[in-house]
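Numbering of the sequence shown is given in numbering that gives the first Met the number 0, commencing with residue 0 and proceeding in unit increments. Remarks on the structure that follows.
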Amino acid sequence: MALLKLRRFSQVTLPADLRKKLHLSEGDYLEAEVVDQGILLKPVTVMEREKAWKQIFEAVGSVQDKKPRRKQNPKQQEEEIAEMVKAFRKRRA
0 MALLKLRRFS
10 QVTLPADLRK
20 KLHLSEGDYL
30 EAEVVDQGIL
40 LKPVTVMERE
50 KAWKQIFEAV
60 GSVQDKKPRR
70 KQNPKQQEEE
80 IAEMVKAFRK
90 RRA
């Protein structure tokens, strides 16, 4: 168990062996949470919002439907969508 000392401006320094085990370096973020036994520190990854959305769109774009789609004319598509909307509304009512 590592012993930490609360320093000026409420700063703590994680011992080198803990930083190495958790692959932490200067500038990394930790999330602090109060638990029954004390304080739990968890490493977290912080990412720019635009970069995160880009990765999400790339992942969603790579998803492919494995079922072959049946050919429908526009009227059939509209009818199918209307049926889906009706079913959805019934479930929510």
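Note that CB positions come from ideal geometry on N, CA and C, so glycine has one too.
Rounded Cβ spacing between residue i and residue j (contact assumed at less than 8 angstroms)
i     : j     : result
Leu23 : Leu13 : 7 angstroms
Val43 : Leu29 : 7 angstroms
Leu17 : Ala1  : 6 angstroms
Helix, strand or coil at residue i [DSSP, three-state]
i     : result
Val45 : coil
Lys4  : coil
Lys74 : helix
Arg69 : coil
Val84 : helix
| task | Pick out the complete alpha helix (DSSP H) segments inside the stretch 17 to 66, 4 residues or longer, and give them in chain order. | result | Secondary structure within the stretch 17 to 66: the alpha helix (DSSP H) runs of 4 or more consecutive residues, fully enclosed, are 48 to 60 (chain order).
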